[in-house]
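Novice: So the sequence lines, in the order shown, correspond to chains B and G. When you read off a place in the first sequence, starting at 1, and then add 1283, the result is the number in the working numbering. When you read off a place in the second sequence, starting at 1, and then add 1283, the result is the number in the working numbering. Can you keep this structure in mind? I'll have questions shortly.
There are 2 protein chains.
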Amino acid sequence: MDGHKIRNMEEFAALSGISRPTVSKYFNDPNSVRPSTRKRIETALERYDYRPNIYAVNQNRRLTKNIGIVVPYLADPFFAEIARTIERRCLDAGFWPILFSAHGDQGVENNILDSLRSLRPAGVLLAPLGRASDRKAVELFCRDVPTVLFDSEIEGIGEAFVGSDNSQSIGMIVEYLCRTGEPPCFFEMPPVNPNANKRRRAYVQAMERLGHTPHVIHVNGSGWNFEEVGHSEGKRVIEAGGLPSDTLLCSNDRLAIGLLAAAYEKGLRVGHGPGCALRIAGHDDHPFSRYTCPPLTTVSQNYDAIAGHSVETLFRLIEAGGKAKARETTLFEGRLVMRLSA
Amino acid sequence: MDGHKIRNMEEFAALSGISRPTVSKYFNDPNSVRPSTRKRIETALERYDYRPNIYAVNQNRRLTKNIGIVVPYLADPFFAEIARTIERRCLDAGFWPILFSAHGDQGVENNILDSLRSLRPAGVLLAPLGRASDRKAVELFCRDVPTVLFDSEIEGIGEAFVGSDNSQSIGMIVEYLCRTGEPPCFFEMPPVNPNANKRRRAYVQAMERLGHTPHVIHVNGSGWNFEEVGHSEGKRVIEAGGLPSDTLLCSNDRLAIGLLAAAYEKGLRVGHGPGCALRIAGHDDHPFSRYTCPPLTTVSQNYDAIAGHSVETLFRLIEAGGKAKARETTLFEGRLVMRLSA
DNA sequence: ATCTGAATTTGACGCGCGTAAATAATTAAT
DNA sequence: ATTAATTATTTACGCGCGTCAAATTCAGAT
C-alpha cells in the first residue's frame, strides 16, 4: 500500500497503466477484460487500495447492485436468522444487501418502501407485515421494483412468493398430537398476517379429517408481542377453566413460550410424561424453543430452504429483466421436532 | 400528483417556479429559505412527488446524512432492540440509519467497516465484537470516521464509549443474592468481549467486599451461542456434582436460559421458594427472560438510556466536526429485576 | 508476414446535484 | 423614500463514473 490515497478512477487507471474505461469495465465484470490486463489491474489494486465511489457508480448505473431485505420485525429471532442467511447469499453473489425492519408498524413499512424506491435496488426480498401492510402501497412498489415476497403472502402481489406449507405442517403436528394423546385445541395468534388464518384453517381441516371436533381459542391482543399475548391470554384461559383439551397447539412458538410461562405460573406441569397436566406445542422451531422448560415440541420451518429459494428466485428474476412470466408460489414443508412439551 | 415523473431537480425547480440552487438549498435545510418560497416548494412537492437522487446528493456532499449502526450479533434480541431504538432516533434527527450485523464473525465485521468507509457516513455507532474484533482495523476505521462505541468497550478507540456499569450492576445483584440465600457462584460466559471479564472481576470484588469466597465456574465453548453453552456446560457442571453453592449468577441472561434448561432436564427445581434446589440469576433483562420458567431474576440494562446517550453523543460529535476534545466514557447503572428464579 | 476478430484506448458526453460568486430582488428599518 | 441587510437568481464549474463511437492495438491463426 502506497502512501497517498487515490482520488478517483482516473488516477488509479493512470497508476496502473490502463485506460479508465477499461478499468471501469473491469469493476463491472472482472472477466470482461483480457486476463493479462486483469492481472495488471489486480496487482495495482493490491498496491494502491482503491475502491470506486459507490455513489458515482450507482448514479450512473441504470440499476444498482443493491438488494433490499425487508422484514416485519427484526427483534424476532426467526427473522433475524432468515435475514442473516439471505444477507450471506446476496454478498456471495456480489450484491449489496440492505436490511430493513418495519418494527411491526405500517408507517415504517411504507417509509422503507419509499426509501427503497429511491435506492433503485436491483431487487427486493420482502416479508410484509401482512394484515397491517398498506396493500395499495406494496402493490405500487412491486410494480416499480422486482420483488419476491416471502414468509407472509399477499395474493397477487410481487413476482413470486416463498413460504412454508402451513397446511402440511399444521396437519402433521395435529396428527402427531392426536396419535399421542388428546386431540389438541388451537391457541391462535393475533392475526397480524395471513399465516395466522392459514394455520387456523389448517388446524380445523386436519381435525375434521381425523374425525375430531376442532376448538379454536381466540386471543385478545394485537401486535408482535406474541410472548406477552401468550402469557396474558394463557393465564386468562387457564383461570377461566374448562379448556376443551389438555393439549394446546399454538400458532407459533413465541406464543407457546408465553403460554408455557403462564402454565408455570399457574402450577400446571407441562409435558407428555406422567404427572403432566398440559401438553403444549408450537410452530416454527424458533431458535430459543429448544431451551424452554420443558423444551418445546414444534414444527421446524426450513429456514435455509426458504431463504435460499427466495434469493435464487430473485436472482433469476433480475436476470430476466425484473418481470416473471408467471407468479410462482413455492411452499416448503415443515419437519416435526419432538421435544418434551408434547 | 400529476401524470409524468419528474426527472431531476432542474425540472422540478422549473415546475415550481423557483431556481434550482434555491431548491437545492431547501432540501438541505427547509428553514434556510424564505417562508414564502418554502411554501411554494412544498406545494409543488405535493403535486409532483419529487425526491432528490440520493446518489447524486451523496456524491457531492462532503459528508452524507448516513449513520452506520453496527452490532455484533443481530439474532440476539438485546441488540435487535437497541438497534431499533437507535434507528428511530436517527430518523427523527433527519439521518439515514444503516444497520449491519457482524454475525459474530471478525471477517464480516471488517467487511462492514470497509463498506462503511466507502459510504462516507456522518458517523457510526459501533458495538464491536470485542475480543474477536480486529483491533487494528477498528482503530484505523475510527481514525477516519467519527465513531461512538457502545456496549462493548475497546480502550482508547473511538471518540466515546457508552455502556453499562458492570461493576455496579453485578455488585448489586451479588449483594441481593447474598442477602436472600447462599452467596452465589459465578457462571461465566465465553469471553467474547470485555463485558465477560469485567463482570467476572466485578463478581469477585463484590464477593470479597461482602466477606465471601468467590467461586467462578469456567465454561468451555466459544462464540455467541450462549444458550447452547449454558445448556451443555450447565449439564456438565450439574452432572459433575459438587457445586460450591446452590445459587448461580450467570454472566448474562442467554446463558441463564440455557442453564435453566439444563436444570430442568436434570430435574432440579429452580427458584427461591421452598423445595427449590437451585437459584439462578442472570444479567441484561433480555426480552425473553420474563417468560422463562421460572421467570428470571436479573439486572436490567437501561436500553433506552444507552441507545439515547450513544446517539446524542454521536450527534454532538458530528456537529463538532468529528473529533471530540476528550474521549468520554458513560456508564449507566442497572436495575435489579426480582422474579422467581432467585 | 498477413489477416482477422477481439480487446483496448481515446475522446467526449451525460448523469443529477452541491456550491461558489456575482447580481438582482425583497424585506425591514430609518 | 432611502438605505442596509437579507434572501433569490443566474451562471458556471466540479464531483466520479458509465457508456458510446471511432481509432488503435493486440493475440492467435493462416
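Glycine included, every Cβ here is placed at the ideal spot set by N, Cα and C.
Of all the beta strand (DSSP E) runs that stay within the bounds of the region 1528 to 1566 of chain B, which reach a length of 3 or more residues?
Specialist: DSSP runs (the beta strand (DSSP E)) wholly in the region 1528 to 1566 of chain B: 1530 to 1533, 1562 to 1564.
Novice: Assign K1288(B) to buried or exposed, taking buried as 16 or more other Cβ atoms, counted over all protein chains shown, within 10 Å of its Cβ.
Specialist: As a position in the first sequence, residue 1288(B) is number 5, starting the count at 1. K1288(B) should be labelled exposed.
Novice: For a minimum of 3 consecutive residues, which ranges assigned as the beta strand (DSSP E) are wholly contained in the region 1497 to 1530 of chain B?
Specialist: Fully enclosed beta strand (DSSP E) runs of 3 or longer: not present.
Novice: What number of angstroms, rounded off, separates the C-alpha of L1423(B) from the C-alpha of T1430(B)?
Specialist: For the purposes of this step, residue 1423(B) is taken as the residue at position 140 of the first sequence. For the purposes of this step, residue 1430(B) is taken as the residue at position 147 of the first sequence. In a straight line, the C-alpha of L1423(B) is about 11 Å away from that of T1430(B).
Novice: Tell me where the beta strand (DSSP E) around C1468(G) begins and ends.
Specialist: By 1-based counting over the second sequence, the position of residue 1468(G) is 185. Its beta strand (DSSP E) spans residues 1468 to 1470.
Novice: Cutting at 6 Å between CB atoms, please list the residues of its own chain near A1546(B), excluding the five before and the five after it.
Specialist: As a position in the first sequence, residue 1546(B) is number 263, starting the count at 1. Here the set comprises V1553, L1561.
Novice: Does C1576(B) get closer than 7 Å to chain G when you measure Cβ to Cβ?
Specialist: By one-based count along the first sequence, residue 1576(B) stands at place 293. Chain G contact via Cβ: present.
Novice: Within the 7 Å Cβ cut-off, does A1363(G) reach chain B?
Specialist: The residue you call residue 1363(G) lines up with position 80 of the second sequence. It does: the Cβ of A1363(G) has a partner Cβ on chain B nearer than 7 Å.
Novice: Are the C-beta atoms of E1471(B) and some chain G residue less than 7 Å apart?
Specialist: Within the first sequence, numbered from 1, the residue matching residue 1471(B) stands at position 188. No, E1471(B) does not count as interfacial toward chain G.
Novice: Please tell me whether N1393(G) has its Cβ less than 7 Å away from any Cβ of chain B.
Specialist: Position 110 of the second sequence, counted from the first residue, corresponds to residue 1393(G). Taking Cβ atoms only, chain B never reaches closer than 7 Å to N1393(G), which makes this a no.
Novice: Is it true that the region 1384 to 1404 of chain B meets the region 1392 to 1399 of chain G, where meeting means three or more beta-carbon pairs spaced less than 8 Å apart?
Specialist: No: fewer than three Cβ pairs fall under 8 Å.
Novice: For the alpha helix (DSSP H) holding V1391(B), just list the boundary residues, first then last.
Specialist: The count along the first sequence starts at 1 and reaches residue 1391(B) at position 108. Start and end: 1389 to 1401.
Novice: For the region 1525 to 1548 of chain G, list every residue whose C-beta sits within 7 Å of some C-beta in chain B, in sequence order.
Specialist: Hits within the stretch, in order: I1540, G1541, L1543, A1544, Y1547.
Novice: Indicate whether at least one CB of chain B lies closer than 7 Å to the CB of N1272(G).
Specialist: This structure does not reach residue 1272(G), given that chain G is present from 1284 up to 1625, and the question cannot be answered.
Novice: What residue range does the alpha helix (DSSP H) around F1310(B) cover?
Specialist: Along the first sequence, read from residue 1 onward, the residue named residue 1310(B) stands at position 27. Run containing F1310(B): 1303 to 1311, per the alpha helix (DSSP H) assignment.
Novice: I'd like to know whether the C-beta atoms of E1522(G) and V1502(G) end up nearer to each other than 7 Å.
Specialist: Stepping through the second sequence from its first residue, residue 1522(G) is reached at position 239. Stepping through the second sequence from its first residue, residue 1502(G) is reached at position 219. For E1522(G) and V1502(G), no; Cβs fall outside 7 Å.
Novice: Name, going along the chain, the residues of the region 1335 to 1360 of chain G whose beta-carbon falls closer than 7 Å to a beta-carbon of chain B.
Specialist: The region 1335 to 1360 of chain G vs chain B, Cβ under 7 Å: N1336, I1337, Y1338, A1339, N1341, Q1342, L1357, A1358, P1360.
Novice: Rounded to whole angstroms, how far is the Cβ of V1512(G) from the Cβ of G1541(G), which I believe are closer than 8 Å?
Specialist: Counting from 1 along the second sequence, the entry for residue 1512(G) is found at position 229. Counting from 1 along the second sequence, the entry for residue 1541(G) is found at position 258. Between G1541(G) and V1512(G) the Cβ distance is about 6 Å, and since that is below 8 Å, they are a contact.
Novice: Residues of chain G with CB closer than 7 Å to the CB of E1510(B), please, in chain order.
Specialist: Residue mapping note: residue 1510(B) aligns to position 227 of the first sequence, counting from 1. Near E1510(B) (Cβ distances below 7 Å), the residues of chain G are F1571, Y1574.
Novice: Does any residue of chain G bring its CB to less than 7 Å from the CB of R1552(B)?
Specialist: Residue 1552(B) sits at position 269 when you count from the first residue of the first sequence. No, because no Cβ of chain G sits closer than 7 Å to the Cβ of R1552(B).
Novice: Would the beta-carbon of I1365(B) fall within 7 Å of that of L1408(B)?
Specialist: Sequence index remark: in the first sequence, residue 1365(B) carries index 82 (1-based). Sequence index remark: in the first sequence, residue 1408(B) carries index 125 (1-based). The answer is no: Cβ separation not under 7 Å.
Novice: In this structure, what does DSSP give as the bridge partners for N1225(B)?
Specialist: Residue 1225(B) lies beyond the residue range present for chain B, which begins at 1284 and ends at 1625; the question has no answer from this structure.
Novice: Using C-beta distances below 7 Å, list every residue in its chain close to S1384(B), excluding the 5 sequence neighbours before and after it, in chain order.
Specialist: The residue you call residue 1384(B) lines up with position 101 of the first sequence. Within the same chain, S1384(B) has close Cβ partners V1354, Y1356, L1357.
Novice: Tell me the rounded alpha-carbon separation between G1605(B) and R1290(G).
Specialist: As a first step, residue 1605(B) is located in the first sequence; it is residue number 322 there, counting from the start. As a first step, residue 1290(G) is located in the second sequence; it is residue number 7 there, counting from the start. Taking the straight line from one Cα to the other gives about 21 Å.
Novice: How many Å lie between D1448(B) and T1347(B) at the Cα?
Specialist: The residue given as residue 1448(B) occupies position 165 in the first sequence. The residue given as residue 1347(B) occupies position 64 in the first sequence. Cα to Cα, D1448(B) sits roughly 33 Å from T1347(B).
Novice: Less than 7 Å separating the beta-carbons of I1437(G) and P1411(G)?
Specialist: Taking the first residue of the second sequence as position 1, residue 1437(G) is located at position 154. Taking the first residue of the second sequence as position 1, residue 1411(G) is located at position 128. Yes, the Cβ-Cβ distance between I1437(G) and P1411(G) is below 7 Å.
Novice: In whole angstroms, what separates the C-alpha of E1491(G) from that of S1450(G)?
Specialist: Here residue 1491(G) refers to the residue found at position 208 when the second sequence is read from its first residue. Here residue 1450(G) refers to the residue found at position 167 when the second sequence is read from its first residue. Their backbone Cα atoms lie some 13 Å apart in a straight line.
Novice: Give the DSSP bridge partners of S1384(B), in chain order.
Specialist: Along the first sequence, read from residue 1 onward, the residue named residue 1384(B) stands at position 101. Per DSSP, V1354(B).
Novice: So with CB distances below 8 Å, who are the chain B contacts of S1401(G)?
Specialist: Against the second sequence, residue 1401(G) aligns to sequence position 118. R1334, N1336, I1337, listed in chain order.
Novice: With DSSP as the reference, label E1329(B) as helix, strand or coil.
Specialist: On the first sequence, residue 1329(B) is found 46 positions in, with the first residue counted as 1. Of the three classes helix, strand and coil, the one that applies to E1329(B) here is helix, per DSSP.
Novice: Under the rule that 16 or more other beta-carbon atoms within 10 Å means buried, what is T1326(B), buried or exposed?
Specialist: For this step, residue 1326(B) is matched to residue 43 along the first sequence. So T1326(B) counts as exposed.
Novice: Give the secondary structure of V1475(G) by DSSP, where H, G and I count as helix, E and B as strand, and everything else as coil.
Specialist: Residue numbering aside, residue 1475(G) sits at position 192 when the second sequence is read from its first letter. Coil at V1475(G), not helix or strand.
Novice: Which first and last residues belong to the alpha helix (DSSP H) in which F1424(G) is found?
Specialist: Position 141 of the second sequence, counted from the first residue, corresponds to residue 1424(G). Start and end: 1418 to 1427.
Novice: Taking 7 Å as the cut-off, decide whether the C-beta atoms of H1592(G) and V1445(G) are in contact.
Specialist: Working through the second sequence from its first residue, we reach residue 1592(G) at position 309. Working through the second sequence from its first residue, we reach residue 1445(G) at position 162. Closer than 7 Å, so yes.
Novice: How is E1438(B) classed by DSSP in three states: helix, strand or coil?
Specialist: The residue labelled residue 1438(B) in the question sits at position 155 within the first sequence. DSSP places E1438(B) in coil when its eight states are reduced to three.
Novice: Kindly indicate the opening and closing residues of the alpha helix (DSSP H) around A1679(G).
Specialist: Residue 1679(G) lies beyond the stretch modelled for chain G, which goes from 1284 to 1625, so this question has no answer here.
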